[in-house]
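The numbers in our numbering rise by one with no breaks, and the one at position 32 of the sequence shown is 598.
Beta carbons: idealized from backbone N, C-alpha and C, even for Gly.
Model, not experiment: these values are computed from the prediction.
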Amino acid sequence: MYTHIWNKYLPVIRILLKKSATGNQTLDLNRIDFERAGSGRKAGYKFNIEFEDGKVTNVISGSDLASHLSIVMLEDAGTKQILKDNNYSVSLNTRFQLLIKNTTPAAKTETPAKETSAE
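The following block contains the structure:
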């Protein structure tokens, strides 16, 4: 039902996933697209998807909108690779803004210099 809409936004979502390493990203969606494709009710267009190691880790089965987005993202090879490399939180608020947050735990960016001397 919403798959064709998410496919339209997928190239931008992929770019924002990459950019989220430097900060949270927001994408304003066209509310009309979703209302035409859905049941017409304005409520219920809110969700949160947690991706870890390229998989959805929270329950999203209650939201067709979230389920279809996760399917579209995981079926695209480029997006799936990005999702495997880091952890993300993707959420939609009632203002039809898709919020993308990189939730990967801070890795040790630099190992300390060798303090032990050669024996």
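Could you tell me how far apart the beta carbons of T645 and L582 are, in whole angstroms, since I believe they sit closer than 8 Å?
Incorrect: roughly 11 Å between the Cβ atoms, too far for contact.
Quick one: what does DSSP say F600 is sitting in, helix, strand or coil?
helix
K612: first and last residue of the uninterrupted beta strand (DSSP E) it sits in:
Careful: K612 lies outside any beta strand (DSSP E) and carries neither H nor E.
Whose CA, out of V638, N653, N596, N614, lies closest to the CA of F662?
N596
Between the beta-carbon of A632 and the beta-carbon of I648, is there less than 7 Å?
no
From which residue to which residue does the alpha helix (DSSP H) around T569 run?
569–585
What residue from L664, V625, T660 has the CA that sits closest to R580's CA?
L664
Between which two residues does the alpha helix (DSSP H) containing S636 stretch?
630–641
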